[in-house]
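In this text, residue positions in the sequence shown follow this note's numbering: the first is 57, and each later residue adds one. Notes to accompany the following structure.
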Amino acid sequence: MKMIRWGLALAFAGLATQSVAQCPDYTQYSQTPHGGPSSGPLGLPFMRPDPACRTFNSTAVEAIITDMKSLLKDPDIARLFENTFPNTLDTTVRYYSKEQNLAFIITGDITAQWLRDTANQFAHYGTLLGSDPELAQLVKAVINNEARYVSEYPYCGSFQPPPESGLAPSHNDWADGVTVNPPVNNQTVFECKYELDSLCGFLKLSRLYYRNTNDTSFMNENWRTAIDQIFRVINEQSQPTFDEHFNFISFYNWTGGNGALSPMVDNGGNGEPKAYSGLVGTHHRPSDDLSIFAYLTPANAMLSVELTHLAEILDQTHQLRNVSQQAREWSSRIHNAIWDTTVVDNIFAYETNGFGGRYVMDDANVPSLLSLPYLGFLEKHNPAYVATRKLLLSAKNPYYAAGAKFRGVGGPHVNPWHPWPMSQISAIFGSDDDREILTSLYLIANNTAGLGLIHESQSIYNETDYTRSWFAWANSFFAEMILDLAERKPGLVLKENKSYKPGL
Ligand SMILES: *[C@@H]1O[C@H](CO)[C@@H](O)[C@H](O)[C@H]1NC(C)=O
Ligand SMILES: *[C@@H]1O[C@H](CO)[C@@H](O)[C@H](O)[C@H]1NC(C)=O
Ligand SMILES: *[C@@H]1O[C@H](CO)[C@@H](O)[C@H](O)[C@H]1NC(C)=O
Ligand SMILES: *[C@@H]1O[C@H](CO)[C@@H](O)[C@H](O)[C@H]1NC(C)=O
Ligand SMILES: *[C@@H]1O[C@H](CO)[C@@H](O)[C@H](O)[C@H]1NC(C)=O
Ligand SMILES: *[C@@H]1O[C@H](CO)[C@@H](O)[C@H](O)[C@H]1NC(C)=O
Ligand SMILES: *[C@@H]1O[C@H](CO)[C@@H](O)[C@H](O)[C@H]1NC(C)=O
Ligand SMILES: *[C@@H]1O[C@H](CO)[C@@H](O)[C@H](O)[C@H]1NC(C)=O
């Protein structure tokens, strides 16, 4: 279906009355409803900022919104799409310079750039990069900014504005009093928790850009250095805690305690010991919480997938044969180790330690076990996924919780009685069952506290008790899921049972 309409930005020209300085803080703005309600039973508000306050304009994005508003059959879902699809561009582009090839993208209510969040904040714009060169430039500038971060601090996941932006760094109370090795400079690093999936996020964003543009110019010196640093981390963090002579091996350690807000970590900030298993360890989870066991199955699954993509891209563009070879070796080693060391009776463990220790649970963030099909690690019909999914969406998962109105998977980041809408989005990506998909979709739509945006978590006891009114990644992930349904299950969400694919 070819429905891109250009020139939509012109329609806004007359409305640009507010200067950016007068723009309301979106953390506050997103806590109360605005605009006229949608015409469905949920009557959801219109939550896009005033055009003058939007942080990036894209005609391609506006065209998709117009398409989807006319195609979606439920006006409440259409309103959610309209609010969420542009949220990253509307609210999170704090700095962008095409000339400097740098962009600073915040997560929403926290003024820092997370490698994981940005990869997902832009994931649903992928197919538009070919038709919107300005948007493609922006993504390339995000990659270059992150390439510099990763080159210097491959163990960190969240960063301060680039100096070229002139923006002041933000203070992070949770980093005060934290001892981290290798040490970091807080003018560049917002928080140095080592989360394996952050590095996967950088690879995913690079892949998204390349696959949708065929442009190799992002593979500059910064990017190549970042890739080398990623392999350094993979090599270091796949090693066991003790070598054969019982020398203690630590390349990275992190601990709070002694009055810091962040917790004390056992064993000199290293956490639980691990044995070699072929997997790559992590120190924190994608939720920024400490790992119990170092080998996080879903992060390794994501790494295995992204390393294969990296190798393909390097081979296609005839670059860095040594890197592509290593990427393939690691990808298959990790893939095999996941199947050999984390699965028992068809059930994946969320974390393992290489000694046989397994923690069967799921955490709400992505990568999660529920999101394995979304990550591209396996097919939704894989028997191990089907069996694991059934367990995860039941009381057998310590972090599953169900109330009268809302249910899903949460995590210790908030608490067990606040499941995350994001877990229901992952569940939709992992299902072909119409009834199951619609149930998850309306669990999400019914539970925005009447605010028409996707929140971090939602209490199972109280409809207005949620966390994070402005969480750009969750909004992007929701919109990405709606577009996925419009393509693979059009009859479920569109007026006509005819597949819709943006950008075509
Ligand atoms: C987006 O467009 C509006 C007018 O439609 C304008 O006021 C605003 O400054 C633009 N934003 C950016 C970042 O260019
Ligand atoms: C950086 O660390 C110093 C020393 O601990 C502290 O005084 C300062 O506030 C920190 N800066 C930021 C931006 O967090
Ligand atoms: C912490 O990591 C550094 C390397 O970054 C290492 O030199 C040091 O020995 C480690 N300390 C502990 C207590 O593990
Ligand atoms: C990229 O190149 C491939 C192979 O030449 C081609 O099939 C594809 O359409 C191109 N994609 C874009 C976005 O230009
Ligand atoms: C690949 O080879 C290049 C050029 O010799 C080198 O600079 C780079 O460090 C190597 N990368 C890896 C991951 O081995
Ligand atoms: C969503 O709310 C409607 C009432 O507005 C209700 O009929 C429906 O069952 C709810 N869906 C779910 C999955 O809770
Ligand atoms: C529900 O949560 C809201 C927001 O946190 C709070 O103000 C309200 O008191 C809670 N209601 C009950 C019945 O606990
Ligand atoms: C949409 O069409 C597909 C294939 O033609 C069919 O399998 C599916 O049942 C239809 N869905 C609805 C909701 O009509």
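Each residue gets a CB set at the ideal place from its N, CA and C atoms; glycine is no exception.
- A straight line joining the alpha-carbon of tryptophan 526 with that of arginine 104 spans about 12 Å.
- Per the CB criterion, closer than 5 Å to any heavy atom of ligand 4, the qualifying residues run in chain order as Gly186 and Asn270.
- Taking 8 Å as the cut-off, the Cβ atoms of proline 472 and alanine 457 count as close.
- Here arginine 172 is buried, its C-beta having at least 16 other C-beta atoms within 10 Å.
- Of the residues Phe462, Ser424, Gln177 and Ser207, the one whose Cα lies closest to the Cα of valine 240 is Ser207.
- When rounded, the separation of the alpha-carbon atoms in threonine 88 and leucine 223 is 28 Å.
- Taking serine 94 as reference, the option from Asp419, Leu447, Ala134 and Gln382 with the minimal CA-CA separation is Ala134.
- For glutamine 156, same chain residues with a beta-carbon under 6 Å away, outside a window of 5 residues either side, are Glu220 in chain order.
- A contact between stretches requires three or more CB pairs, one per stretch, nearer than 8 Å, and the segment 420-431 meets this requirement with the segment 354-361.
- Separation of the CB atoms of phenylalanine 178 and glutamine 169 is rounded to 12 Å, and the pair is thereby denied contact status at 8 Å.
- Following the DSSP letters along the chain, one finds phenylalanine 258 inside the alpha helix (DSSP H) bounded by residues 252-269.
- Distance from the CA atom of tryptophan 310 to the CA atom of leucine 494, rounded to whole angstroms, is 42 Å.
- Rounded to whole angstroms, the gap between the alpha carbons of isoleucine 348 and phenylalanine 462 is 27 Å.
- With contacts defined as CB atoms closer than 8 Å, asparagine 228 and glutamate 247 qualify as a contacting pair.
- Contact between the segment 312-319 and the segment 402-412 is absent, with fewer than three C-beta pairs closer than 8 Å.
- For isoleucine 283, the three-state secondary structure derived from DSSP is helix.
- Checking the 7 Å criterion, the Cβ of arginine 110 is within range of a heavy atom belonging to ligand 1.
- Checking the 7 Å criterion, the Cβ of leucine 366 is out of range of every heavy atom belonging to ligand 6.
- Residue environment analysis places histidine 474 among the buried positions, since at least 16 neighbouring C-beta atoms fall within 10 angstroms of its C-beta.
- Histidine 391 sits in a helix when the DSSP states are folded into three classes.
- By the 16-neighbour rule on beta-carbons within 10 angstroms, asparagine 421 is buried.
- Pairing alanine 443 with asparagine 402 gives a Cβ-Cβ distance under 8 Å.
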